[in-house]
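Data first, discussion second: the structure below is written as structure tokens.
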Amino acid sequence: MNAPGATAGFGAPRGRREVADVAEPKVKDKRLDQLLHVRKQRLGRLERERNEAREAWRRQRQVLHDSKLRWRQAKNDTAQQWQQSRAQFLAMTITSGQFRKAKSVYERMKKETAQYYLECQNKLRVCREAGVRFFQARLQVLEVSRQQEKLTILRDEMLAQALAATAEN
Numbered sequence: 011m012n013a014p015g016a017t018a019g020f021g022a023p024r025g026r027r028e029v030a031d032v033a034e035p036k037v038k039d040k041r042l043d044q045l046l047h048v049r050k051q052r053l054g055r056l057e058r059e060r061n062e063a064r065e066a067w068r069r070q071r072q073v074l075h076d077s078k079l080r081w082r083q084a085k086n087d088t089a090q091q092w093q094q095s096r097a098q099f100l101a102m103t104i105t106s107g108q109f110r111k112a113k114s115v116y117e118r119m120k121k122e123t124a125q126y127y128l129e130c131q132n133k134l135r136v137c138r139e140a141g142v143r144f145f146q147a148r149l150q151v152l153e154v155s156r157q158q159e160k161l162t163i164l165r166d167e168m169l170a171q172a173l174a175a176t177a178e179n
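Following this line, the structure appears as structure tokens:
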């Protein structure tokens, strides 16, 4: 029988090997990179939503502007028609019947102008709501962007520390 560690017929047994201390390569932690990737996708989505909210707000402002112009024009036309009718009546170029007819036209125009004003107020409310949505989306993008920047700086610092540690060894 052979001694433990000896081989049959080849002389003295081999010596025990000394274990060499070799640092095992560490598996790179990819969780932060994955988090950054997911956050970047989210930031892109939020930026798209912000841009869509901005465009919606701009469209609402244009609709409001057009509505205001229509209301102002109707208001001016109403006032001008009434002034013209009064001037004609006072200059005695129209009869009292024609003046009553002009007065009823003026009253109808006043109602239309009031309706345009109400439409303007409704469009103003919608426009303000669109503006609020845009600014909320803008703040959200700024916050997420700030967080993304912090995470990127953290990742870069961790990489720098890892490189410094490997350079020392």
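Here the sequence shown is numbered in this note's numbering, starting from 11 and rising by one per residue.
Glycine residues also receive a C-beta, built at the ideal position from the N, C-alpha and C atoms.
Looking at the structure shown, is residue i part of a helix, part of a strand, or coil, going by DSSP?
| i | result |
| --- | --- |
| residue 28 | coil |
| residue 104 | coil |
| residue 167 | helix |
| residue 87 | helix |
| residue 39 | coil |
| residue 34 | coil |
| residue 22 | coil |
Would you kindly work out how many angstroms separate the C-alpha atoms of residue i and residue j, rounded to a whole number?
| i | j | result |
| --- | --- | --- |
| residue 138 | residue 150 | 18 Å |
| residue 114 | residue 84 | 16 Å |
| residue 96 | residue 111 | 12 Å |
| residue 168 | residue 39 | 11 Å |
| residue 165 | residue 172 | 11 Å |
| residue 32 | residue 174 | 19 Å |
| residue 136 | residue 99 | 43 Å |
| residue 119 | residue 88 | 6 Å |
| residue 130 | residue 68 | 16 Å |
| residue 132 | residue 73 | 11 Å |
| residue 148 | residue 56 | 9 Å |
Item to check | At least 3 beta-carbon pairs within less than 8 Å: the stretch 24-34 vs the stretch 119-131 | outcome: no
Next on the checklist: Closer than 8 Å is the cut-off here; do at least three beta carbon pairs connect the stretch 159-168 with the stretch 34-50?
Outcome noted: yes
Item to check | Cβ contact check for the stretch 59-70 and the stretch 130-146: 3 or more pairs under 8 Å | outcome: yes
Checklist entry - Which ranges does the alpha helix (DSSP H) cover as unbroken runs of at least 4 residues, wholly within the stretch 114-173, from first to last along the chain? => result none
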